[in-house]
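Take a look at the structure below.
2 protein chains.
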Amino acid sequence: MSETNVLEFETLQELLLQKRYAEFIQEIDKCNPVDAADLIALFPEDQVSRVFRLFKKDVAAEVFAELDPDLQELIIVHMTDREIGEMLEELYTDDAVDMLEEMPANVVKRIMKNATPQTREEINRFLAYPEESAGSVMTSEFIDLRKNMTCEEAIARIRRIGLDKETVYVAYVTDQKRVLEGVVVLKQLLFANPQDLIGDIMNENVLYATTHDDREKVANMISHYGIIALPIVDKEKRLVGLVTVDDALEVLETEATEDIEKMAAILPSDKPYLKTTVWETWKQRVPWLLLLMLTATFTSTIITKYEAAIGTYAILTAFFPMLMGTGGNAGGQTSVAIIRALSLGEVELKNVFRVFWKELRVGVLCGATLAVATFVKVMAIDFHFQMYSTSPTGQVQNNLIISLAICATVFSAIVVAKAVGTLLPLGAKKIGLDPAVMASPFITTIVDTVTLMIYFTIASALLGI
Amino acid sequence: MSETNVLEFETLQELLLQKRYAEFIQEIDKCNPVDAADLIALFPEDQVSRVFRLFKKDVAAEVFAELDPDLQELIIVHMTDREIGEMLEELYTDDAVDMLEEMPANVVKRIMKNATPQTREEINRFLAYPEESAGSVMTSEFIDLRKNMTCEEAIARIRRIGLDKETVYVAYVTDQKRVLEGVVVLKQLLFANPQDLIGDIMNENVLYATTHDDREKVANMISHYGIIALPIVDKEKRLVGLVTVDDALEVLETEATEDIEKMAAILPSDKPYLKTTVWETWKQRVPWLLLLMLTATFTSTIITKYEAAIGTYAILTAFFPMLMGTGGNAGGQTSVAIIRALSLGEVELKNVFRVFWKELRVGVLCGATLAVATFVKVMAIDFHFQMYSTSPTGQVQNNLIISLAICATVFSAIVVAKAVGTLLPLGAKKIGLDPAVMASPFITTIVDTVTLMIYFTIASALLGI
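If you're matching them up, the sequences are chains A and B in order.
The opening position of the first sequence corresponds to residue 26 in my numbering, with each subsequent residue numbered one higher.
The opening position of the second sequence corresponds to residue 26 in my numbering, with each subsequent residue numbered one higher.
Next up, the structure:
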């Protein structure tokens with residue numbers, strides 16, 4: 026919400042209060058549908074429906090599609106059956122489907138009752154596509170051409186049927202059975218000879234996806250090839266819809282947010298941050314916190330096994346946070362880099378050996394660097410300035426031994442963390458789980474456990490506990 | 026790289042080996058420029074330049090723009106001065122600028138020497154825009170119209186000058202001084218009366234950004250409004266370029282990757298995962314590991330202060346990993362949610378109180394849930410099954426006291442972690458730093474320190490140490 030919008034809102038509310046409807050309509054007419062939707066959301070609930078009715082019919086559907094589901098519901102319940110029917114015809118299939126998925130059952134029933142049989146059948150077909158599939162984000166309003174049309178005829182057809190299509194800048198060539206044969210962009214038609222045949226100028230190497238492909242794959246294709254839209258076909262390669270670049274943008278943003286949330290141990294939500302209630306946020310966050318708290322039992326068990334040693338060399342525990350923090354960070358770096366590369370399609374499962382070999386070497390390099398730095402830091406700073414009191418006997422010797430144990434642990438922990446950080450996301454992908462869940466918090470638990478085991482094994486061997 | 030590409034590559038290499046150039050050219054002609062670039066990358070270095078020369082001139086520039094900088098350099102050094110000059114004229118300004126930014130100084134010098142004075146001046150102007158600004162991602166190939174043109178004249182102009190424009194689907198209306206006055210999309214022209222004036226059908230409420238705006242802001246606008254392109258103006262509102270939706274997509278993907286890397290304590294890189302060398306990856310990761318290792322000194326110092334207490338109640342240390350893990354996770358959840366919301370524009374600085382109040386309540390809810398769960402778990406499982414040996418005296422009483430200390434710490438640590446996780450990213454944004462750096466690893470260090478302080482304070486008070 027920009028500053029300008031808030032100002033406009035105050036002007037508009039003033040006009041509404043004074044019942045100066047003509048001026049109000051004139052003002053909102055200048056608005057972009059997206060801004061108009063933002064403006065409507067600022068009005069109090071009991072005015073929303075009244076404000077919405079003032080929009081001209083031809084923009085009303087566009088504005089409606091941009092509204093939050095709760096406002097859509099508010100407006101729908103105030104509509105007559107006839108108005109609902111008209112609105113449904115104006116909406117693009119994908120927007121209609123998006124809306125229906127968020128409405129309570131009784132509202133859905135009422136909406137569907139007022140649809141034409143054709144629209145109802147189409148919506149039902151679209152609603153049946155699996156969540157996160159290409160079918161669930163595509164729309165049915167595309168332009169189809171035939172190979173034997175001339176460019177002139179094609180432009181005439183676009184002029185005739187294009188007004189309510191999602192895009193007029195790309196058209197698909199199909200045969201009598203609606204099988205996809207080629208693609209023509211409006212730019213080609215504009216520069217071709219009017220008598221050229223579509224079959225001659227069309228691109229036969231048409232990129233497409235099927236209704237059951239993952240929506241992220243579709244969005245990545247649109248992004249990779251820099252195209253305006255991607256046609257979606259069924260199992261018989263019959264054209265059934267298209268996904269436009271603005272839908273792809275939305276998918277990619279949503280998927281990136283979901284990945285980020287999962288990596289941070291949050292259950293994903295499709296609502297913007299300020300729109301979720303405290304309870305919803307709690308529900309997104311508490312399951313992972315509980316799970317990770319329970320898994321920390323492993324680390325507790327290990328520490329308990331060495332309780333006696335800790336009683337004598339309490340100084341050992343002073344390095345717990347540093348060791349576990351470093352291991353967790355090192356593992357997190359690797360897993361997050363790989364998760365992101367997987368979702369951008371930069372890394373695939375078949376690259377597992379290449380990735381593992383790379384991470385192993387990076388782990389050795391990082392481990393060696395940190396080990397040296399840690400040794401210098403612990404000996405030169407921590408022990409030199411007597412930051413820690415020490416165990417009863419052999420202070421200097423013990424300091425050296427403890428420093429060495431810490432260095433060895435840092436090195437091993439980083440190498441192990443990088444290995445775990447590589448294998449967990451790739452393993453998850455392999456067995457069909459979402460790699461994003463295998464990020465920092467989960468890896469931290471495993472790496473913490475391994476780090477403590479290494480630390481105590483080395484320390485007790487060196488100190489002769 | 027898809028399966029098909031690898032197959033095609035083998036066919037193509039075979040044709041090349043047998044010097045069947047005509048067939049080779051026929052094959053690559055069918056390729057999409059993006060796929061062609063992927064294919065070229067598969068050839069050995071010494072063949073790359075030879076393969077590239079086989080592409081037709083009109084697609085060569087498109088393919089070139091899609092290549093990695095190292096391959097672009099390889100091809101450029103094998104080109105004659107004349108070929109370089111021709112290529113430069115064919116490239117869109119943004120692609121030319123992208124390439125020049127990656128070339129070594131001597132190559133840049135040679136390229137610029139072969140540019141026409143006009144192109145050279147334009148490229149120099151584009152190179153001067155700050156990194157990550159709108160100016161640095163825009164291109165200069167747009168279509169401009171005048172208000173007094175008819176739609177017929179406008180379409181004729183698009184046909185005349187549109188062939189080498191980045192997009193023909195949107196045109197901008199400017200006055201004699203090149204000041205932006207309105208926008209017309211090709212769809213409008215297609216459906217308007219040929220004699221209608223551009224000034225009458227254009228949209229005067231044109232969205233735009235200025236050359237010095239952040240490229241992420243530009244990409245977010247394109248995404249928010251679902252538009253094909255956004256015009257970019259200078260300080261006098263003169264039209265100087267446009268950013269298209271495919272460039273916006275790339276910006277958003279890059280920015281999301283950068284944010285994810287920063288959140289995982291990795292210095293961002295603009296190369297894909299498999300393209301970075303082991304040394305580059307080491308350089309991306311080791312600085313943060315070192316920094317976080319050093320900051321762990323705080324936690325060590327706190328633990329050392331309570332060395333005596335740990336000597337007596339070693340069992341206390343068994344819960345270090347769980348307490349610090351929970352605190353770190355809780356803080357990470359909040360900071361990551363806020364960082365993402367900031368970069369999507371869902372949360373702004375002025376929302377700080379609303380966000381803080383929300384996180385405080387979420388913190389209390391999560392803290393209370395975890396505290397109860399921890400108490401039950403520690404009493405019913407850990408102590409019940411004697412998972413830990415215990416201190417010499419008063420076992421049952423001590424168990425209860427230790428459990429209570431742990432619960433109180435879990436509760437306080439979560440609330441504090443949520444507060445720190447809110448304030449750090451928002452504070453970073455306020456003073457102009459990148460909020461993404463204030464994610465999990467950084468917050469973990471702070472939260473670890475605070476958690477340990479709370480834990481020892483409560484435990485020593487309750488146990489009377």
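C-beta: ideal position from N, C-alpha, C; glycine also.
Please read all numbers here as calculations on a predicted model, not as lab measurements.
- Query: Given a limit of 7 Å on CB to CB distance, which residues of the region 236–251 of chain A reach chain B?
  - Reply: S248, H249, Y250 and G251
- Item | Cutoff 8 Å: V303 of chain A Cβ touching any chain B Cβ | yes
- Item | DSSP-derived helix/strand/coil call for Y46 of chain A | helix
- Task: Return the CA-CA distance between D238 of chain B and I364 of chain B, expressed in angstroms with no decimal places.
- Result: 20 Å
- Item | Under the three-state DSSP convention, the category G266 of chain B falls into | It is a strand residue.
- Could you tell me which residues DSSP puts in a beta bridge with P256 of chain B? B:L267
- Hey, out of B:D71, B:P69 and B:F77, whose CA is closest to P5 of chain B's CA? A query on residue 5 of chain B cannot be resolved here, the shown segment of chain B reaching from 26 to 490 and no further.
- Message: For Q309 of chain A, which residues in the same chain have their Cβ closer than 7 Å to its Cβ, ignoring the five residues on either side in sequence?
- Response: I291, L292 and S294
- Task: Using a Cβ-Cβ cut-off of 8 Å, state whether V472 of chain A counts as contacting chain B.
- Result: no
- Query: How about V441 of chain A and V475 of chain A: do their beta carbons lie closer than 8 Å?
  - Reply: Going by C-beta atoms, V441 of chain A is nearer than 8 Å to V475 of chain A.
- Query: Name the chain B residues that come within less than 8 Å of R182 of chain A, Cβ to Cβ?
  - Reply: Think of a sphere of 8 Å around the beta carbon of R182 of chain A: no beta carbon from chain B falls inside it, the nearest being about 12 Å out.
- Item | DSSP bridge partner residues for S161 of chain B (one or two, in chain order) | For S161 of chain B, which the question treats as bridged, DSSP gives no partner whatsoever.
- Message: Comparing C-alpha positions only, which one of A:G452, A:G266 and A:K402 sits nearest to S428 of chain A?
- Response: Comparing C-alpha distances from S428 of chain A to each of A:G452, A:G266 and A:K402 shows the shortest one belongs to A:K402.
- Query: Using a Cβ-Cβ distance under 8 Å, would R310 of chain A count as near chain B?
  - Reply: Output row for R310 of chain A: interface = yes.
- For the alpha helix (DSSP H) that contains E305 of chain A, what are its first and last residues? V303 to T320
- Message: Taking 8 Å as the threshold (beta carbon to beta carbon), is Q358 of chain A in contact with chain B?
- Response: yes
- Message: Give me, in chain order, the residues of the same chain whose beta-carbon lies closer than 7 Å to that of T164 of chain B; leave out the 5 immediate sequence neighbours on both sides.
- Response: Around T164 of chain B, the same chain offers Y117, T118, D119, E191, G266 and L267 as residues with beta carbons nearer than 7 Å, after the five sequence neighbours per side are excluded.
- Say whether chain A places a C-beta atom closer than 8 Å to the C-beta of S325 of chain B. yes
- Per DSSP, the bridge partner or partners of N230 of chain B: N230 of chain B is not bridged to any residue.
- Task: Tell me whether S414 of chain B is buried or exposed, calling it buried when 16 or more other Cβ atoms sit within 10 Å of its Cβ.
- Result: Confidence at S414 of chain B is low in this model, with a pLDDT of 49, below 50, so the placement of that residue should be treated as unreliable; the coordinate-derived value is given next. Label assigned to S414 of chain B: exposed.
- Message: Given a cut-off of 8 Å on the beta-carbon distance, is the pair G160 of chain B and F151 of chain B in contact?
- Response: yes
- Query: Is it the case that the Cβ atoms of V387 of chain A and K300 of chain A are separated by a distance below 8 Å?
  - Reply: no
- DSSP beta-bridge partners for A196 of chain B? B:V209
- Message: Would M318 of chain B pass as an interface residue toward chain A - the criterion being a Cβ-Cβ separation below 8 Å?
- Response: yes
- Task: Report the neighbours of Y197 of chain A on chain B: residues whose CB is nearer than 7 Å to its CB, in chain order.
- Result: Within 7 Å Cβ-Cβ: nothing; Y197 of chain A doesn't reach chain B, min ~16 Å.
- Which residue comes first and which comes last in the alpha helix (DSSP H) that contains P58 of chain A? From DSSP, the alpha helix (DSSP H) with P58 of chain A extends over P58 to I65.
- Round the Cβ separation of A461 of chain B and D284 of chain B to the nearest angstrom and send it over; I've been treating them as touching at under 8 Å. 4 Å
- Selected residue, minimal CA-CA separation from A333 of chain B, among B:K262, B:R203, B:C391 and B:G489: B:G489
- What separation, rounded to the nearest whole angstrom, lies between the Cα atoms of T320 of chain A and I456 of chain A? Per the coordinates, the alpha-carbon of T320 of chain A lies some 22 Å from the alpha-carbon of I456 of chain A.
- Closer than 9 Å by beta-carbon distance: list the chain B residues that pair up with P450 of chain A, in chain order. Going along chain B, no residue has its Cβ under 9 Å from P450 of chain A, so there is no contact; the nearest lies around 12 Å.
- Would you check if the distance between the CB atom of V243 of chain B and the CB atom of A254 of chain B is smaller than 8 Å? Contact flag unset, no.
- Query: What is the C-beta distance between M318 of chain A and L425 of chain B, in whole angstroms, given that I count them as a contact (C-beta under 8 Å)?
  - Reply: With a Cβ gap of about 19 Å, M318 of chain A and L425 of chain B do not count as contacting.
- Item | Segments assigned alpha helix (DSSP H), at least 4 residues, entirely inside the region 99–145 of chain B | Correct list: 106–115, 118–127 and 130–138.
- Between the C-alpha atoms of G224 of chain A and V195 of chain A, what's the straight-line distance to the nearest angstrom? 15 Å
- Task: Under 7 Å Cβ to Cβ from K202 of chain B, same chain only, skipping five residues before and after it: list those, please.
- Result: R263
- Any C-beta of chain B under 8 Å from that of I25 of chain A: A query on residue 25 of chain A cannot be resolved here, the shown segment of chain A reaching from 26 to 490 and no further.
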